[in-house]
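J.: For reference, the structure I am asking about is given below.
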Amino acid sequence: MMNKKVKVAKTFHIEIVETLSRIIDIVSEDEQPALLKAQELYRNEEVVLDSEDYIDTKFNIFERE
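The end of the sequence shown is residue 659 by our numbering, with every number in the run present.
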């Protein structure tokens, strides 16, 4: 009799992570107010990243238990 190994199907979680990046210019006397201004512009959708800002895609795999 042959000893056959049966493969059992598993479920995997696949995480897809896209990285978008854009450099904007903010005029300010200090770093903190410049950062706050950039965050405000982003939150108010005055700066919106799109496909032209694409940098990279990564795939992470997790075996589901």
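We put the CB at the ideal spot given by N, CA and C, even for glycine.
1. Assuming contact is defined by CB atoms lying nearer than 9 angstroms, are GLU612 and ASN654 in contact in what I supplied?
2. Quick one: give me the first and last residue of the beta strand (DSSP E) that LYS652 is part of.
3. Express the C-alpha separation of SER615 and ASP650 in angstroms, rounding to a whole number.
4. Do you know offhand how far LEU564's Cα is from PRO627's?
T.: Looking at the coordinates:
1. no
2. 648-657
3. 10 angstroms
4. Limits of the chain in this structure are 595 at one end and 659 at the other, which puts residue 564 out of reach.
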